[in-house]
Ligand SMILES: *[C@@H]1O[C@H](CO)[C@@H](O)[C@H](O)[C@H]1NC(C)=O
Ligand SMILES: *[C@@H]1O[C@H](CO)[C@@H](O)[C@H](O)[C@H]1NC(C)=O
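Residue numbers (the UniProt record's numbering): 1 to 358.
In structure tokens form, the structure reads like this:
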């Protein structure tokens, strides 16, 4: 785009110079236009997507991003209205068998919501050609792929849009040590920490943002992976940095840690300084009308509010952690930002403050 604009400016200037110069400029412009249009129309024949007749190609907003609790709009706009048609919105679930997950079916007059997503869905109807879907109060599980389908009985067509929940991935390990969770238990512990099991793409994004973790954990699809930024012999060898994969594992018998995912919280977190035992920390929070924070709460505050507190504090699961956004020598010493952990100390030790949430 920039190149194009520059050329146009150049033509303007060219008018007041010699005609030879003008010709040269026109030649450049023409060849530039040719390249541009041929680039538009030369998708490989085998993979050429069917050209849409009714729906606008989703070039601009192919991915919509929101945080938990936000309202978002998944755009779907008609270019031509057939005389009779319906629009059907569905959430696509790869690997899912059984009935499809319909959210909304509408025609020119009315619309009908379906399923648990339907309760939070409405059509935007910003103008006569608008079939965009609004989703309110986003939840962690809402991330994924959505399809807007125009059904007119002759040539149905659809577009696909992905919804990404902006959030943070955190590894979670049992207080009894490494690799204690079956898949189902991993799912449960993530929920207990205000999260869900992360998807592969959430783990991948977390790796691009700096997550380096040398313990394998379950993901939502039943596969087991871990992200490595600094390759080292103990963590999959000296190969390239990246996601190390164990592939799919036995959900009932194999045991690993968990990679949980969470997003913005509606409450807020605060630190009470002191030398508390676990029980005293519980009480300290209660006195403020709050409760000990969950691991997910602390990660969300670190991710979204750049929460930084150089003091270990009790959390509700009995672990002691602290969030660092500005890494410095005297706060754990690590060069990267992150939530640091002291593991699960003896609950009777009077050593730590309290992270409260309300
Ligand atoms: C989201 O939409 C709901 C209704 O659908 C509305 O009550 C709420 O205020 C909206 N929230 C935001 C943050 O816009
Ligand atoms: C915690 O510490 C107390 C006092 O030092 C000790 O009696 C107790 O056995 C310890 N608990 C565990 C689980 O180690």
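The beta carbon of each residue, even a glycine, is placed where N, CA and C say it ideally should be.
- Beta-bridge pairing by DSSP links residue 88 to 105 and 149.
- Boundaries cannot be given for residue 249, as no beta strand (DSSP E) includes it and DSSP labels it neither H nor E.
- According to the DSSP assignment, residue 321 belongs to the beta strand (DSSP E) that extends over 320 to 324.
- Annotation note: the UniProt domain "Link" (168 to 262) contains the following uninterrupted beta strand (DSSP E) runs of length 3 or greater, listed N- to C-terminal: 223 to 228 and 242 to 248.
- Between the alpha carbons of residue 186 and residue 200 lies a gap of roughly 15 Å.
- Linking residue 133 to residue 52 through their CA atoms gives a straight-line distance of about 19 Å.
- By the C-beta criterion, the segment 283 to 296 is judged to be in contact with the segment 336 to 356, since at least 3 inter-stretch pairs fall below 8 Å.
- Taken from the Cβ of residue 90, every heavy atom of ligand 2 lies 7 Å or farther away.
- Between ligand 1 and the CB of residue 142, the shortest heavy atom gap is not smaller than 7 Å.
- Beyond the five residues adjoining it in sequence on each side, residue 340 comes within less than 7 Å, by CB distance, of 321, 322, 324 and 332 in the same chain, given in chain order.
- Annotated as proximal: residue 216 and residue 246, with beta-carbon spacing under 8 Å.
- Of the other Cβ atoms in all chains shown, fewer than 16 fall within 10 Å of the Cβ of residue 306; this residue is therefore exposed.
- With 16 or more other CB atoms across the displayed protein chains lying within 10 angstroms of its CB, residue 149 is buried.
- For residue 112, the enclosing beta strand (DSSP E) starts and ends at 111 to 113.
- Here residue 280 carries a helix assignment [DSSP, helix/strand/coil].
- Contact between residue 259 and residue 203 holds: their C-beta atoms lie close to 6 Å from each other, under 8 Å.
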